[in-house]
Every structure is written in C-alpha cells, then in structure tokens.
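The listed protein sequences correspond, in order, to chains A and B. To get the working numbering, take the position in the first sequence, counting from 1, and add 149. To get the working numbering, take the position in the second sequence, counting from 1, and add 20. Where a beta carbon is used, it is the ideal one built from N, C-alpha and C, also for glycine. Just so you know, these numbers come straight off a predicted model, no measurement behind them.
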Amino acid sequence: MNTAKFSLIAIAIGAAVLAFAHWFKVDYLYFASYTILQFIVLATAWNILGGYCGYVNFGSAAFFAMGAYSSVFMHKFYPLPIPVLILIAATVSGIAGFGMGYLTLRLRGSFFAIATLALAVVLQTLVVNWEYVGGSRGAYIIRPENVEFAGITINYIEYLFALMLTLAVLALVTARVIERSQLGFGFATIRDDELAAEACGVPTLRLKLIATTLSGAFMGMAGAPFPYYIGYLQPSSAFGLEYAVNSIAMPMIGGTTSWVGPLVGAILLGSAQQYATVTISSAVNLLIVGLMLVAFVIIAPNGLIGLVQERLRAWRKP
Amino acid sequence: MSALLHVDNITKRFGGFVALDGVELMVKPGERLGLIGPNGSGKSTLVNCICGTLQNEGGSVRFDGQVMDGLAAHQRTHRGISRSFQLPRPFHSMNLVDNLRIPLLYTVHARLGPLRSTGDLDARCLELLEMVGLAKKAKQMPRDLTQVEMRKLELARAMAAEPKLLIADESMAGLSHSEIEDILSLLVQLNERGITVILIEHIMSAVMSFSQRLAVLVSGKKIADGKPEDVVRDPEVVRAYIGQ
Numbered sequence: 150m151n152t153a154k155f156s157l158i159a160i161a162i163g164a165a166v167l168a169f170a171h172w173f174k175v176d177y178l179y180f181a182s183y184t185i186l187q188f189i190v191l192a193t194a195w196n197i198l199g200g201y202c203g204y205v206n207f208g209s210a211a212f213f214a215m216g217a218y219s220s221v222f223m224h225k226f227y228p229l230p231i232p233v234l235i236l237i238a239a240t241v242s243g244i245a246g247f248g249m250g251y252l253t254l255r256l257r258g259s260f261f262a263i264a265t266l267a268l269a270v271v272l273q274t275l276v277v278n279w280e281y282v283g284g285s286r287g288a289y290i291i292r293p294e295n296v297e298f299a300g301i302t303i304n305y306i307e308y309l310f311a312l313m314l315t316l317a318v319l320a321l322v323t324a325r326v327i328e329r330s331q332l333g334f335g336f337a338t339i340r341d342d343e344l345a346a347e348a349c350g351v352p353t354l355r356l357k358l359i360a361t362t363l364s365g366a367f368m369g370m371a372g373a374p375f376p377y378y379i380g381y382l383q384p385s386s387a388f389g390l391e392y393a394v395n396s397i398a399m400p401m402i403g404g405t406t407s408w409v410g411p412l413v414g415a416i417l418l419g420s421a422q423q424y425a426t427v428t429i430s431s432a433v434n435l436l437i438v439g440l441m442l443v444a445f446v447i448i449a450p451n452g453l454i455g456l457v458q459e460r461l462r463a464w465r466k467p
Numbered sequence: 021m022s023a024l025l026h027v028d029n030i031t032k033r034f035g036g037f038v039a040l041d042g043v044e045l046m047v048k049p050g051e052r053l054g055l056i057g058p059n060g061s062g063k064s065t066l067v068n069c070i071c072g073t074l075q076n077e078g079g080s081v082r083f084d085g086q087v088m089d090g091l092a093a094h095q096r097t098h099r100g101i102s103r104s105f106q107l108p109r110p111f112h113s114m115n116l117v118d119n120l121r122i123p124l125l126y127t128v129h130a131r132l133g134p135l136r137s138t139g140d141l142d143a144r145c146l147e148l149l150e151m152v153g154l155a156k157k158a159k160q161m162p163r164d165l166t167q168v169e170m171r172k173l174e175l176a177r178a179m180a181a182e183p184k185l186l187i188a189d190e191s192m193a194g195l196s197h198s199e200i201e202d203i204l205s206l207l208v209q210l211n212e213r214g215i216t217v218i219l220i221e222h223i224m225s226a227v228m229s230f231s232q233r234l235a236v237l238v239s240g241k242k243i244a245d246g247k248p249e250d251v252v253r254d255p256e257v258v259r260a261y262i263g264q
C-alpha cells in the first residue's frame with residue numbers, strides 16, 4: 150500500500166472514530182480516548198528512537214513536559230490557538246531532542262538511557278524553580294467551554310480530542326513512511342550493528358540526530374494540549390513516571406520493529422488503564438504496566454507483532 | 021603509477037600502548053597486497069585507521085589523491101574504501117537482499133545520485149548474491165547461514181559499495197581447506213574486475229597464493245615489504261614468527 154492510500158485510510162478511520170464519539174456524546178469517552186490517543190503519539194515517538202534505532206530513552210516525560218510547559222508559557226505570555234502551540238512545542242522539543250542527541254549519542258546502551266533519565270531530572274528541577282510557569286505550585290489554565298471553528302461551535306473537549314486524533318494519525322503515518330524509506334533502513338542498521346552500518350556508508354550520527362529530533366518533536370506535540378486537557382498542570386504530573394514508563398512499555402508490548410506495535414500496545418495498555426481507573430483506582434495503573442511488561446518479556450519478547458509474525462512464519466514453514 | 025592508498029608514517033596509541041608506530045604503506049591501483057603479522061601486531065588497528073573506525077594520531081592516510089584524516093568511516097566508504105570484518109557483522113534483522121541494499125542505498129546513491137529504482141536495486145542485490153553463490157538464500161536471514169556463507173555475505177556487502185579498495189580482514193579464519201579455496205577464488209575474481217585488494221590473513225598458504233606483494237607488521241612496526249617469496253625468507257620475519 151502506498152503512503153497516500155495509507156494516509157487516506159488512516160484519516161478515514163480517524164474521522165469514523167470522531168463521528169462515533171460525537172454520536173455517543175459522552176464526555177468521559179472523550180477524556181478516556183484522549184489519553185489513549187496521547188499515548189499512541191508518545192509510544193510511536195518513543196519507537197522512532199527506541200524501536201527503530203535501538204536507543205532506549207527514559208526521558209520521554211521530559212519531552213512531554215517540555216511540550217506542556219511551552220503551552221503554559223505561551224498561555225501567559227501571548228495566548229495562541231492550540232494548533233499553533235502544538236507547532237511551538239514541536240519546535241522546542243525537537244531542538245531539545247537534537248541537543249540531547251548531540252550531547253549523548255556518543256554513549257551507547259545503558260549509558261545513553263541513564264543520560265536521558267538525567268535530562269528529565271534536570272528539566273524538572275528547572276521547571277520547579279521557574280515561577281513564571283507556576284513553579285512547584287503548578288499553573289491553572291482555564292479552558293473555554295467551546296471553540297468557534299469556521300462558524301461552528303464545538304465543545305472544547307471534543308476539540309482537544311480531534312486535535313489529538315490528528316496528531317496520532319500524523320505520528321503513525323510518519324512512522325510508517327520512515328519504516329519503508331531509506332531512513333528506516335538506516336535506522337535498522339544502527340539498531341543491528343553501528344560499526345557495520347558505518348562501514349556500509351551509513352552516516353550513523355546524522356541519522357541518530359534525525360531520530361532524536363523527530364522523536365522529541367512528537368513527544369512535545371503530544372504534551373502541548375495537555376494543560377488545556379487537565380486544567381491544572383504541576384511538575385509532578387507533567388514529569389510523571391507513568392509517561393516515561395508507558396512510552397517504553399507500550400511499544401515493547403506491541404512490538405518495536407513496526408509502526409503497528411506502539412499502536413496496538415497503546416490501545417491495549419491504555420484501555421486497560423482507563424478501565425482500571427474507573428473500576429478500581431488510577432493507582433493500579435503502573436502495576437498493570439509492570440505486570441503486563443513482565444508477562445510480555447516472558448511470553449512474547451518481540452511484542453505482540455513479533456509473536457504473530459513468528460507464528461505465521463512457523464505456519465508457512467511446515 | 022601513483023599510489024591508490026598511501027599510509028604515511030601513521031601512529032596510533034591506546035593509552036600507553038603504542039599500537040602503530042610510524043607505519044608506512046603504499047598500495048598501487050589493481051594490486052593484491054597481503055598483510056601479515058603475529059597476533060597483536062597492529063594489523064586490525066591499521067585497517068581501522070585506514071577505514072576511519074579509528075583515527076590515527078600522527079601521520080596521514082591518503083586515498084585516491086585525497087587526505088582521509090578526520091573523515092568518518094562512512095565518508096571513507098563513500099570515497100571508495102570498503103572492508104569486511106574479522107568476525108562477520110551482518111544486519112541480523114534483515115534478510116540477505118536487504119543486507120546488501122544498505123551500501124547500495126547509502127554509498128552508491130551518495131556517489132552516483134539516486135539513479136536506481138527499487139527493481140534495479142533488487143536486481144543488483146541478487147546479482148551480488150549470485151556472484152558469491154548465495155542467490156538461493158536471498159530471502160533468508162543471516163542466522164540461517166553457515167560460517168563460510170556468512171563470510172561470503174560479508175564480502176558481498178563490502179562489494180555492494182562498489183569500492184576501489186577492498187580490505188578483507190581475516191575473512192578465512194576458521195574455514196576448511198575447500199572453503200578457503202572458495203573465498204580465495206572470489207577475491208581473485210574481484211581483483212580481476214579492477215578492485216585493489218588488501219588481504220589480512222594468518223593462513224600462509226592462502227596469503228602466498230593470493231598476494232603479489234607482502235607486508236609484515238610486528239609490534240606496530242612494518243618490518244618487511246616486498247615479493248612474498250623474498251619476505252618469508254627475510255631473517256627478521258622468520259625471527260618474529262618462529263623466534264630465535
């Protein structure tokens with residue numbers, strides 16, 4: 150399937166989801182689905198660096214928070230429509246991703262992972278001490294009830310949901326385009342063997358910088374509408390452990406070598422967490438992630454997609 | 021004829037250990053050079069300095085009239101230096117065709133521009149696999165290959181970059197006699213197509229039958245360079261290999 154066809158199908162599915170949610174008209178459905186969509190973007194963004202290139206980033210929360218706090222900053226400094234804020238967040242987090250890549254990509258394996266974790270801690274400390282964006286007390290964002298769009302009044306939650314849906318479609322299409330391009334082949338060689346990649350003419354450092362920039366930018370985009378969604382943003386929620394853990398766990402559970410993996414993982418894990426939040430407590434969310442991760446590492450180390458591919462291969466080879 | 025590769029007085033240290041100490045080496049276009057030396061003599065370090073995996077501290081490497089110092093490995097590959105690794109390093113998550121696709125996409129395209137369509141790329145990959153006798157396994161993964169097939173894949177991948185100079189780093193270690201013959205005839209075949217080959221090897225029969233010239237490294241220094249039959253009779257070389 151070519152990219153244009155795939156994009157059209159993705160947009161059609163997105164529109165169908167939007168129409169379905171509109172037809173249901175339950176605010177909670179928007180809230181819950183928004184979170185799942187946000188995790189689809191985060192997981193897909195993580196996978197561009199972690200899955201395709203094999204560089205594990207523990208600092209997803211930092212990029213997400215950077216997006217969220219760039220929105221808070223702009224909200225106070227010069228309020229702009231959210232789509233513009235998303236672009237600003239993408240730029241800020243993309244530059245931060247590039248910078249992080251430049252400073253840390255000479256590190257490999259666990260050293261790189263530790264460096265990304267350190268980045269999250271440093272940024273959180275900065276934000277906690279930055280009064281303008283609320284410091285440790287956090288910042289309130291009063292979101293409007295409705296938004297006017299081309300003469301139509303749209304419920305704000307529905308608007309945020311539609312934006313996140315668009316971002317999810319964009320992230321998935323981008324990931325799929327990368328996967329099938331020269332860039333995707335290059336990323337895979339970095340994951341498999343960097344020394345051999347260089348010997349084959351792959352400019353590994355440049356490719357890794359592209360990956361950290363893209364990955365960071367998408368994470369920032371996922372964070373940009375977050376203050377409007379939640380209404381009150383404090384450092385501990387923006388830099389929450391659940392973002393770092395979920396953006397790693399979701400691709401791992403779904404499968405890291407294809408764009409489908411993070412999508413499946415985010416839907417599966419995200420839905421389970423939403424279900425647990427309303428039936429038990431949101432406190433069990435991380436427990437669910439932990440248990441599922443342990444189960445998948447044992448049963449399907451290559452994720453659900455890997456498991457299905459293996460079964461198919463075994464079935465074809467009698 | 022001017023040299024294709026000129027290694028000019030290069031040095032490389034690892035902390036206090038001097039791995040290469042003022043090594044001088046010239047390779048003419050189309051030549052078949054054998055590089056030998058006991059374990060730890062600096063052969064692989066020299067290869068790494070030529071290919072850009074390591075950067076030399078003193079001296080310089082010139083290739084095809086250009087200074088290579090400071091260039092990254094991939095930039096040197098783009099300029100026509102290709103290598104195979106001592107231990108095969110295939111891309112594990114890709115099948116054989118895709119393994120060969122990488123140098124085509126990243127090196128041949130970089131040099132000639134994106135001229136080839138996907139169909140052309142596939143055809144070229146298959147042609148290369150055919151050359152090393154792996155065409156039947158084109159869609160298989162590297163883990164399905166035997167040791168000798170892995171070495172052949174390694175050579176095919178180095179060849180896919182369309183190099184002017186191929187450095188084969190111990191591509192025969194651990195192989196049986198007939199397998200060595202296989203790899204040797206492959207290397208000769210490549211040389212006949214105009215590619216300059218540097219062969220680094222411990223197996224003397226292979227080096228002797230392949231090389232037009234032989235260079236010997238011992239403790240980071242070149243102690244001999246000349247016709248293979250003369251070099252192996254050189255008293256200093258005999259002393260280095262056998263002892264006194």
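- Task: Closer than 7 Å by beta-carbon distance: list the chain B residues that pair up with residue 349(A), in chain order.
- Result: Along the first sequence, one-based indexing puts residue 349(A) at 200. Here the neighbours are 97, 122, 123, 126, 127, 177 and 181.
- Task: Leaving out five residues on either side along the sequence, give the residues of the same chain with a beta carbon under 6 Å from the beta carbon of residue 393(A).
- Result: Numbered from 1 along the first sequence, position 244 holds the residue referred to as residue 393(A). Excluding positions up to five away in sequence, the list reads 207, 209 and 210.
- Is residue 329(A) helix, strand or coil by DSSP? Reading the first sequence from its first residue, position 180 is the one you call residue 329(A). Note: residue 329(A) maps to coil in three-state DSSP.
- Per-residue contacts from residue 352(A) into chain B (C-beta, under 7 Å): Start at 1 with the first residue of the first sequence, and residue 352(A) comes out as number 203. Those are 94, listed as they occur along chain B.
- Query: Candidates 444(A), 270(A) and 415(A): which alpha carbon is nearest residue 194(A)'s?
  - Reply: Here residue 194(A) refers to the residue found at position 45 when the first sequence is read from its first residue. Considering only alpha carbons, the answer is 415(A).
- Would you please verify whether the beta carbon of residue 114(B) is less than 8 Å from any beta carbon of chain A? Working through the second sequence from its first residue, we reach residue 114(B) at position 94. Chain A contact via Cβ: present.
- Message: With three or more beta-carbon pairs closer than 8 Å as the criterion, would you say the region 226 to 240 of chain A touches the region 417 to 427 of chain A?
- Response: no
- Task: Tell me whether the beta-carbon of residue 227(B) lies closer than 8 Å to the beta-carbon of residue 219(B).
- Result: Start at 1 with the first residue of the second sequence, and residue 227(B) comes out as number 207. Start at 1 with the first residue of the second sequence, and residue 219(B) comes out as number 199. Contact: yes.
- Listed by chain order, chain A residues near residue 69(B) by CB distance under 7 Å: Within the second sequence, residue 69(B) is the residue found at index 49, counting from 1. Going along chain A, no residue has its Cβ under 7 Å from residue 69(B), so there is no contact; the nearest lies around 14 Å.
- When the Cα atoms are used, what is the spatial distance from residue 73(B) to residue 81(B)? Here residue 73(B) refers to the residue found at position 53 when the second sequence is read from its first residue. Here residue 81(B) refers to the residue found at position 61 when the second sequence is read from its first residue. Cα to Cα, residue 73(B) sits roughly 13 Å from residue 81(B).
- Item | Bridge partners - residue 62(B), DSSP secondary structure assignment | As a working mapping, residue 62(B) is identified with position 42 in the second sequence. Residue 62(B) pairs with nothing; no bridge assigned.
- Query: So what does DSSP say about residue 245(B), is it helix, strand or coil?
  - Reply: Within the second sequence, numbered from 1, the residue matching residue 245(B) stands at position 225. The answer is strand: DSSP assigns residue 245(B) an E or B state.
- Item | Best match in 293(A), 315(A), 219(A) and 216(A) for proximity to residue 183(A) [C-alpha to C-alpha] | Residue numbering aside, residue 183(A) sits at position 34 when the first sequence is read from its first letter. Checked all of 293(A), 315(A), 219(A) and 216(A); the closest Cα to residue 183(A) is 315(A).
- How many angstroms separate the CA atom of residue 391(A) from the CA atom of residue 293(A)? Counting from one through the first sequence, the residue named residue 391(A) turns up at place 242. Counting from one through the first sequence, the residue named residue 293(A) turns up at place 144. Residue 391(A) and residue 293(A): Cα-Cα distance of roughly 28 Å.
- Can we say the region 344 to 364 of chain A touches the region 219 to 228 of chain A, given the rule of at least three CB pairs closer than 8 Å? no
- Put residue 292(A) into one of helix, strand or coil per three-state DSSP. Along the first sequence, one-based indexing puts residue 292(A) at 143. Looking at residue 292(A) - three-state DSSP - the assignment turns out to be coil, as it is neither helix nor strand.
- Item | Coarse secondary structure for residue 52(B), derived from DSSP in three states | As a working note, residue 52(B) is residue 32 in the second sequence. The answer is strand: DSSP assigns residue 52(B) an E or B state.
- Delimiting residues of the beta strand (DSSP E) encompassing residue 92(B): Within the second sequence, the letter at position 72 stands for residue 92(B). First-last for residue 92(B): undefined, no H or E at that position.
- Task: Starting from residue 437(A), follow the alpha helix (DSSP H) in both directions and report where the run begins and ends.
- Result: As a first step, residue 437(A) must be located in the first sequence, where it is residue number 288. Taken as a continuous stretch (DSSP letters only), the alpha helix (DSSP H) holding residue 437(A) covers 434 to 448.
- Message: Quick check: the Cα distance between residue 384(A) and residue 101(B), rounded to an integer number of angstroms?
- Response: Here residue 384(A) corresponds to residue number 235 of the first sequence, with the count starting at 1. Here residue 101(B) corresponds to residue number 81 of the second sequence, with the count starting at 1. If you take the alpha carbons of residue 384(A) and residue 101(B), they lie about 52 Å apart.
- Query: In three-state terms, what does DSSP make of residue 46(B)?
  - Reply: In the second sequence, residue 46(B) corresponds to position 26, counting from 1. Here residue 46(B) sits in strand by DSSP.
- 4-residue-minimum alpha helix (DSSP H) runs that sit fully inside the region 119 to 149 of chain B, ordered along the chain: 129 to 132
- Item | Rounded straight-line distance, which links the Cα of residue 453(A) to that of residue 225(B) | Position 205 of the second sequence, counted from the start, is the residue given in the question as residue 225(B). Position 304 of the first sequence, counted from the start, is the residue given in the question as residue 453(A). In a straight line, the C-alpha of residue 225(B) is about 51 Å away from that of residue 453(A).
- Through-space distance from residue 84(B) to residue 112(B), alpha-carbon basis: Position 92 of the second sequence, counting from 1, holds the residue named residue 112(B). Position 64 of the second sequence, counting from 1, holds the residue named residue 84(B). Looking at the two C-alpha atoms, the distance is approximately 33 Å.
- Counting only runs of 3+ residues fully inside the region 295 to 362 of chain A, write out the beta strand (DSSP E) ranges in chain order. 295 to 298 and 301 to 304
- Message: Under DSSP, the alpha helix (DSSP H) around residue 34(B) begins and ends at which residues?
- Response: As a working mapping, residue 34(B) is identified with position 14 in the second sequence. Residue 34(B) -> not in any alpha helix (DSSP H); beta strand (DSSP E) instead, spanning 25 to 34.
- Message: Taking CB distances under 8 Å as the criterion, tell me whether residue 180(A) reaches chain B.
- Response: If you number the first sequence from 1, residue 180(A) lands on position 31. So no, residue 180(A) is outside the interface.
- Are residue 61(B) and residue 191(B) close, meaning C-beta to C-beta below 8 Å? The count along the second sequence starts at 1 and reaches residue 61(B) at position 41. The count along the second sequence starts at 1 and reaches residue 191(B) at position 171. In this structure, residue 191(B) does not lie closer than 8 Å to residue 61(B) by Cβ.
- For the region 305 to 338 of chain A, enumerate the residues whose C-beta is nearer than 7 Å to any C-beta of chain B, in chain order. 331, 334, 335, 337 and 338
- Run down chain A in chain order and give the residues with a C-beta less than 8 Å from the C-beta of residue 105(B). Your numbering for residue 105(B) matches position 85 in the second sequence. By Cβ distance, chain A contributes 344, 345 and 348.
- Query: Are the C-beta of residue 34(B) and some C-beta of chain A separated by less than 8 Å?
  - Reply: Taking the first residue of the second sequence as 1, we reach residue 34(B) at position 14. No, its Cβ sits nowhere closer than 8 Å to a Cβ of chain A.
- residue 223(B) by DSSP, collapsed to three states: which one? The residue you call residue 223(B) lines up with position 203 of the second sequence. The answer is coil: DSSP assigns residue 223(B) none of H, G, I, E or B.
- Task: Would you mind stating whether residue 182(B) and residue 128(B) have Cβ atoms separated by less than 8 Å?
- Result: As a first step, residue 182(B) must be located in the second sequence, where it is residue number 162. As a first step, residue 128(B) must be located in the second sequence, where it is residue number 108. Yes, the Cβ-Cβ distance between residue 182(B) and residue 128(B) is below 8 Å.
- Message: Does any residue of chain B have a CB that is nearer than 8 Å to the CB of residue 176(A)?
- Response: Translated into the one-based positions of the first sequence, residue 176(A) becomes position 27. Not one chain B Cβ lies under 8 Å of residue 176(A).
- Of the residues that make up the region 393 to 421 of chain A, which ones have a beta carbon closer than 9 Å to any beta carbon in chain B? 406
- Between residue 287(A) and residue 369(A), what straight-line distance do the alpha-carbon atoms span, to the nearest angstrom? For this step, residue 287(A) is matched to residue 138 along the first sequence. For this step, residue 369(A) is matched to residue 220 along the first sequence. About 19 Å.
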